[in-house]
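Residues in the sequence shown are numbered consecutively from 608, following the working numbering.
Heads up: the structure comes next, in structure tokens.
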Amino acid sequence: MKTNQSDASLFNRRGFLKTSSLATLTSLLGTPIAFADRLPKHYLPLVFRLDDPANPMATKNKSLVVLNDKPWNVETPAYLLDDDVTPAEKMFIRNNGQIPASIDLAGWKLTINGESVKAPKTYTLAELKAKFKPYTYQLVVECGGNGRAGYFPKTAGNQWTEGGVSCAEWTGVRLKDILADVGLTDTAVYIGYYGQDLHLSGDPNQPVISRGVPIAKALEDETLVAWAMNGQDIPLVHGHPLRLVIGGWPASVSGKWLHTIAIRNKVHDGAKMTGKSYRVPIHPVVPGVDPPDSDFKIIESMPVKSVITFPQTGLETPMGKPLALRGHAWAGDRVVKELYVSIDFGETWQKADLKAPKNRLAWQQWSAEVNFPIQGYYEVWARATDDKGVSQPMVMPQWNPEGYLNNACHRIAVKVV
608 MKTNQSDASL
618 FNRRGFLKTS
628 SLATLTSLLG
638 TPIAFADRLP
648 KHYLPLVFRL
658 DDPANPMATK
668 NKSLVVLNDK
678 PWNVETPAYL
688 LDDDVTPAEK
698 MFIRNNGQIP
708 ASIDLAGWKL
718 TINGESVKAP
728 KTYTLAELKA
738 KFKPYTYQLV
748 VECGGNGRAG
758 YFPKTAGNQW
768 TEGGVSCAEW
778 TGVRLKDILA
788 DVGLTDTAVY
798 IGYYGQDLHL
808 SGDPNQPVIS
818 RGVPIAKALE
828 DETLVAWAMN
838 GQDIPLVHGH
848 PLRLVIGGWP
858 ASVSGKWLHT
868 IAIRNKVHDG
878 AKMTGKSYRV
888 PIHPVVPGVD
898 PPDSDFKIIE
908 SMPVKSVITF
918 PQTGLETPMG
928 KPLALRGHAW
938 AGDRVVKELY
948 VSIDFGETWQ
958 KADLKAPKNR
968 LAWQQWSAEV
978 NFPIQGYYEV
988 WARATDDKGV
998 SQPMVMPQWN
1008 PEGYLNNACH
1018 RIAVKVV
């Protein structure tokens, strides 16, 4: 739907939708807006923002689930993750601040600085593309809070189910090649990124997020400073024009709208690197207990996990007909070695066919076929095991107060009729 009115013109001086504007919106929608008199100040319903280019949902599959729009946090239903390579319109969104309002491509630069560089150096986008060999990798990028909705007792934060994960194809230059060109000292311990996103308050001096990884992870072949996703410019909501992409670790280390990487002589201490952000307890805790900050450690490699992408949960299938299943599995820095499915709540397991990853840190496709012995309600469970012998927990892993790293078996409901 289209409207020529600006957002500002829809509101009166007290910040409420004007009566005439409300009538206009109702007319455009074709149905009354329930509880329209209770709309919050300055709030324009989501449906009227889908045609706004600044709204990331304008280019997304309309079945994605909006968990939050300040900042944007949007997850992908499991069945929409069925593609081998995640397309942009089905990719989840996890933001911490506001998407940059404008991008100056001609003036965009990447600066490498910090305590452990021999001398700071700056590159234009054109220089990055001309000076260094490009590489393309499929890389799993997963929100550290993916699966948070499955914890009990509940924890604070966006209640992600299974859809805060993607495996797109990223193209750019290896960070290790840039750092070799800059020159590092032997004091390098960590990197930290800085992006152009804006704090929700609008204060340009308020940091949004600035995370990083140990230098060894930064120097892996697959750690990219990327400018393309799936063969095209990275979409704005996913970090255009430049993004750090670090597969296998929480998505928060893959900084969007990248303009600076600092090479640190200590663990990076930027925004969302301290306190309990992206950290889990060092030792098991009783559910509901929140230990002091000193008892937490930084999340590094993500745990082994899998998802059922076909069929969609709630399927009705006829008795006597085999049911084809498929999905993906991944294991952070590791490789998935086996994938099993169960139709009897984990009492017995059937081995699935599992493909090798396209490259290191990509997810792996799996498929299986199951037969149901009688009519009735079933749950199909999927369980992956990595190359160190670590398997997914069946129902819930060790509880943590921030709700991170839930890698329990994914389950779908099936009715056999």
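For every residue, glycine included, the Cβ atom is placed at its ideal position computed from N, Cα and C.
On a predicted model such as this, the values are computed, not experimentally measured, just so you know.
Query: N- and C-terminal bounds of the alpha helix (DSSP H) containing Leu-782; Result: 782-789
Query: Three-state class that DSSP yields for Met-836 in the structure shown; Result: strand
Query: Segments assigned beta strand (DSSP E), at least 3 residues, entirely inside the region 878-924; Result: 886-888, 903-905, 912-917, 922-924
Query: Glu-945 - DSSP class collapsed to helix/strand/coil; Result: strand
Query: CB contact flag (Ile-950, Val-914, <7 Å); Result: no
Query: Ala-823 versus Ile-853, Pro-814, Leu-805, His-806, residue with shortest Cα-Cα distance; Result: Ile-853
Query: Contacting residues, own chain, Cβ-Cβ under 6 Å from Leu-671 (five flanking each side not counted); Result: Val-681, Thr-683
Query: Where Ala-709 sits in the DSSP three-state scheme; Result: The question names Ala, but residue 709 in the sequence shown is Ser. Residue state, collapsed to three classes: coil.
Query: Beta-carbon spacing of Pro-857, Gly-934 below 7 Å; Result: no
Query: Cut-off 6 Å between Cβ atoms - residues of its own chain near Gly-895, not counting five sequence neighbours on either side; Result: Pro-760
Query: Residue closest to Gln-1005, alpha-carbon to alpha-carbon, out of Gln-766, Gly-757, Ile-870; Result: Gly-757
Query: Candidates Glu-749, Glu-954, Gln-971, of which the one nearest Lys-962 by Cα; Result: Gln-971
Query: Ile-870, buried or exposed, once every other Cβ within 10 Å from all chains shown has been counted against 16; Result: buried
Query: Residues near Thr-633 by beta carbon distance below 8 Å, same chain, minus five either side; Result: Pro-639, Ile-640, Ala-643
Query: Buried/exposed call for Tyr-984, threshold 16 Cβ in 10 Å; Result: exposed
Query: Own chain, CB closer than 8 Å to Asp-602, minus 5 neighbours either side, in chain order; Result: The structure shown does not extend to residue 602, since the chain is modelled only from 608 to 1024, so the question has no answer here.
Query: Every unbroken alpha helix (DSSP H) inside the region 762-821 [4 residues or more]; Result: 782-789
Query: Inside the region 705-760 only - alpha helix (DSSP H) runs reaching at least 4 residues; Result: 732-738
Query: For Leu-968 and Gly-838, believed in contact at Cβ under 8 Å, the rounded distance; Result: Contact flag wrong, Cβ pair sits at about 19 Å.
Query: Arg-850 (DSSP reduced to helix, strand or coil); Result: strand
Query: Sequence-distant residues of its chain with Cβ nearer than 7 Å to Thr-955 (five each side left out); Result: Ser-949
Query: Exposed unless 16 or more other CB atoms sit within 10 angstroms - verdict on Arg-1043; Result: This structure leaves residue 1043 out entirely; the chain is present only between 608 and 1024.
Query: Run of the beta strand (DSSP E) containing Thr-830, from where it starts to where it stops; Result: Neither: Thr-830 is in no beta strand (DSSP E) and is coded neither H nor E.
Query: Buried or exposed (CB count within 10 angstroms, at least 16 for buried), Asn-725; Result: Per the sequence shown, the amino acid found at residue 725 is Lys instead of Asn. That one is exposed.
Query: For Thr-867: DSSP bridge partner residues; Result: Thr-718, Tyr-801
Query: Continuous beta strand (DSSP E) stretch holding Gln-972: start and end; Result: 971-977
Query: Residues sharing a beta bridge with His-935, DSSP; Result: Val-914, Gln-972
Query: Inter-residue spacing [alpha-carbon to alpha-carbon] between Arg-755 and Leu-826; Result: 30 Å
Query: Close Cβ partners of Val-942 (< 6 Å) along its chain, the five nearest in sequence each way excluded; Result: Asp-994
Query: Proximity of Ala-989 and Pro-1000 at Cβ, strictly below 7 Å; Result: no
Query: The beta strand (DSSP E) enclosing Glu-986, as first and last residue numbers; Result: 983-993
Query: N-terminal and C-terminal residue of the beta strand (DSSP E) that Leu-674 is part of; Result: 672-676
Query: Short Cβ contact (7 Å threshold) for Pro-1008 with Thr-762; Result: yes
Query: Given Pro-652 as reference, the closest of Asp-897, Asp-676, Ala-936, Gly-846 once Cα atoms are compared; Result: Asp-676
Query: Identity of the residue in Pro-848, Pro-707, Val-874, Asp-690 nearest Gly-809 by Cα; Result: Pro-707
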